[in-house]
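Take a look at the structure below.
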Amino acid sequence: MSRPPKKRENSIRTAITPWLESLPRTLTATLTAQPDTLGGPSTNGPPTNGPPTNGPADTTQQLLDRAPRRWVVYEPMVLLPSGSFTSQPWPSLLALLTAAQKDTLWTAILLALSPPCRPPLTHLAINSAIPLHQTASSESEPDPAAPAPTPAPPPPKENLLRSPSGLLPLHGVFTRATPAPAANNPPDFRASLWVHTKQNGIHQTWAPTHTMFSRGNIKEKARLLSAFGGPSSLSHPAAAPGPPGPAAPQTHAIDLYAGIGYFTFCYARLGFRVLCWELNPWSVEGLRRGAARNGWSVRVVGPSSSSSFSSSSSFSSSSSFSSSSSSTSTALGTGDGDGDGDGDGNSDGTAPEPGAVDMGAVLRGPEQIVVFQEDNRHAAARIRAARAAGVELGVGHVNCGLLPSSAGVWRDAWEMQARGGGAGWLHLHENVGVDAVEGRKGEIQGLLDGWCREGGRGEEARVEHVELVKTFAPGVWHCVFDVFITGPRAAG
């Protein structure tokens, strides 16, 4: 009878064990003498309902049991889960250590997790949830002698750029100190760490202190790649055959919340030319770098005072702080489009006029991906301008990938697809209660029916499928409502 395979030791635990043994005995003795540091709840280890600790050996065992057990590698960074090293006695031990002792711990963990035959991992951080709002701060300190009550602080702003402000770096330089950029100038992308990963055979790149990365989107990205064809195979069983030839070529996809290219790159892999919108300049730069890694040409159309460029050059991964590849500059004209997420609307909630850009010239260029660094409320006007300039712009997919809801752009998404003629898909993302999915599907169908009636051109739209991507919270699903549109017939 063969013996069961030996259980594999956790790599972080393997790294921590000799490090603990190297510490002066006085440290563990100090922890043992502080009963309030022991026996607390653990976020990374098993429950601690056993007897109280009796000495340094028990303290060491608790430290090992409550060390992180999971991690994710985004070369050259290791990302530990939220809550790592927060269960006692870890906080008390870390407070007693010198900077050199902590550095030795973090270095040992990185060395243990570095894969063989690959460059060593150099950066370590603890993850944190992306806050929905920015931290509110007042302009000045309140005057305690003032007779009138201090006004309530302004409500916090929505974190439109989904900035990962809670990320906790432990080891490595994540951002180099540089002079603050002048007003309206682009940030110095060379001053921050850039990391990368590969999902579904597609490279993605981002700066972890400035841009979020949603690992859970891997399922939806795989679905887009497998369930939907490219421009030449766009069809649906419910759709009647369209006219032959290029009467309404569905060669474009539109991504209204591009980020670092989560879904943009899926459409590019399928063979579409992708037009996308993104506010965060760090996400735009990550998209540009990721596109270069994948071999796709990309044009960035940015604010008037920041660089907008076309690039198809190869990406160099020799440095985590690698600079941008050579580019040629073009730019938007006047208009808001500043990418800061807080000045992109008028007082009545409508979008400001978009900056001037020759859409015909931009879209007659050769790039496979064109990204507009501006509010996506300009997208519909940009598409109308392109069509007015004579650009054949049939749209096979429009992706609306914002949570908790992308409903604010659904009408524009419908217009951009339907007005191009021919069939195509909308992918509408929203968080929905598990018991409300069917009801929400019906509500969306009602919206689509109304827009088609208002259009008066014979379009039809139907919610064909609801994909449950992942749970967002207890009883709440991240849903994607797949809408298939059949447009008016082009003349044969």
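Heads up: the sequence shown begins at 0 in numbering that gives the first Met the number 0, then just goes up one per residue.
For each residue, glycine too, the CB sits at the ideal point set by N, CA and C.
Keep in mind that this is a model prediction, so the values were computed, not measured.
What is the C-beta distance between residue i and residue j, in whole angstroms, given that I count them as a contact (C-beta under 8 Å)?
i, j, result
"Gly393", "His251", "6 Å"
"Trp479", "Glu466", "Note that residue 479 is Val in the sequence shown, not Trp. About 4 Å separates the two Cβ atoms, so the contact holds."
"Ser67", "Pro88", "According to the sequence displayed, residue 67 carries Pro and not Ser. About 15 Å separates the two Cβ atoms, so there is no contact after all."
"Thr174", "Ala190", "6 Å"
"Arg375", "Leu286", "Rather than Arg, the amino acid found at residue 375 in this sequence is Asn. Not really, about 14 Å apart at Cβ, beyond 8 Å."
"Ile368", "Gly423", "Contact flag wrong, Cβ pair sits at about 18 Å."
"Thr121", "Leu109", "7 Å"
"Gly359", "Ala388", "3 Å"
What are the boundary residues of the beta strand (DSSP E) that residue i is part of?
i, result
"Tyr73", "71-73"
"Glu503", "Summary: the structure shown does not reach residue 503, with the chain confined to residues 0 through 491, and so no result is reported for it."
"Asn293", "Run containing Asn293: none in the beta strand (DSSP E); it sits in the alpha helix (DSSP H), 280-293."
"Trp276", "272-276"
"Pro168", "167-170"
"Leu425", "423-432"
"Cys399", "394-399"
"Ile125", "122-125"
"Gln100", "Per DSSP, Gln100 belongs to no beta strand (DSSP E); it is in the alpha helix (DSSP H), 98-112."
"Ala517", "Because the chain in this structure spans residues 0 to 491, residue 517 falls outside the shown range and cannot be described."
"His202", "201-205"
Between the options, which lies nearest to residue i when the distance is taken from Cα to Cα?
i, options, result
"Gly289", "Val370, Gly228, Phe227", "Val370"
"Pro119", "Gly200, Gly171, Trp18", "Gly171"
"Pro17", "Gly354, Thr103, Thr29, Lys197", "Thr103"
"His377", "Pro67, Val356, Gln61", "Val356"
"Asp64", "Gly165, Ile11, Gly421", "Ile11"
"Gly474", "Thr485, Asp434, Gly438", "Asp434"
"Pro73", "Lys197, Glu391, Ser21, Thr29", "One point to set straight first is that residue 73 is Tyr, not Pro, in the sequence displayed. Taking only the C-alpha atoms, the option nearest Tyr73 is Lys197."
"Pro168", "Pro207, Asp187, Pro185", "Pro207"
"Arg24", "Gly200, Val194, Leu95, Val71", "Leu95"
"Gly260", "Ala422, Cys399, Ser21, Thr29", "Cys399"
"Phe271", "Gly449, Leu110, Leu278, Trp295", "Trp295"
"Val397", "His195, His428, Ala98, Gly438", "His428"
"Asp187", "Met76, Ser231, Lys220, Glu284", "Glu284"
"Pro75", "His195, Thr470, Glu453", "His195"
"Gly258", "Phe212, Ser231, Arg117", "Phe212"
"Ala417", "Thr13, Gly395, Thr29", "Gly395"
I'd like the span of the alpha helix (DSSP H) that includes residue i, first residue to last.
i, result
"Thr25", "24-31"
"Gln416", "409-417"
"Met358", "358-362"
"Phe264", "263-269"
"Val436", "436-454"
"Ile382", "378-387"
"Arg505", "Absent from the structure is residue 505, since the part of the chain shown begins at 0 and ends at 491."
"Ile15", "10-21"
"Trp89", "89-95"
Skipping 5 residues on each side, what residues in its chain have a beta carbon closer than 6 Å to that of residue i?
i, result
"His209", "Trp281"
"Val482", "Leu425, Ala460, Val462"
"Leu362", "Ala385, Val390"
"Ile217", "Gln198"
"Pro403", "Asn430"
"Glu366", "Ser296, Val297, Arg298, Ser309"
"Arg439", "Val431"
"Leu223", "Cys265"
"Ser21", "none"
"Ile382", "Met415"
"Leu447", "Ala460"
"Leu26", "Leu95"
In its own chain, which residues sit with a C-beta less than 7 Å from the C-beta of residue i, not counting the 5 before and 5 after it?
i, result
"Leu93", "Phe84, Lys101"
"Leu78", "Trp70, Val71, Ala124, Asn126"
"Ala379", "Asp411, Glu414, Met415"
"His202", "His195, Gly289, Arg292, Asn293"
"Phe262", "Lys220, Leu223, Asp254, Asn398, Gly400"
"Asn9", "Arg68"
"Ala147", "Residue placement at Ala147 cannot be trusted, given a pLDDT of 49 that sits under 50; what the coordinates show is reported in the next sentence. No residues qualify anywhere along the chain."
"Leu274", "His251, Ile253, Val369"
"Pro114", "none"
"Arg7", "none"
With a CB to CB cut of under 8 Å and the five nearest residues on each side skipped, what residues in its chain are close to residue i?
i, result
"Leu62", "Ile15, Leu19, Pro88, Trp89, Leu92"
"Phe471", "Leu402, Pro403, Asn430, His477"
"Arg117", "Glu74"
"Lys469", "Gly215, Lys218, Trp476, His477"
Is there at least one non-hydrogen atom of the ligand GDP closer than 6 Å to the beta-carbon of residue i?
i, result
"Val356", "Among the components of this structure there are no ligands whatsoever, and the ligand GDP is therefore not found."
Using a Cβ-Cβ distance cut-off of 7 Å, determine whether residue i contacts chain B.
i, result
"Ala56", "Protein chain content of the structure displayed is limited to a single chain, and chain B is not contained in it."
Does the segment 289-302 touch the segment 408-421, meaning 3 or more C-beta pairs lie closer than 8 Å? no
When you compare the segment 214-227 with the segment 258-274, are there three or more beta-carbon pairs, one atom per stretch, that lie closer than 8 Å? yes
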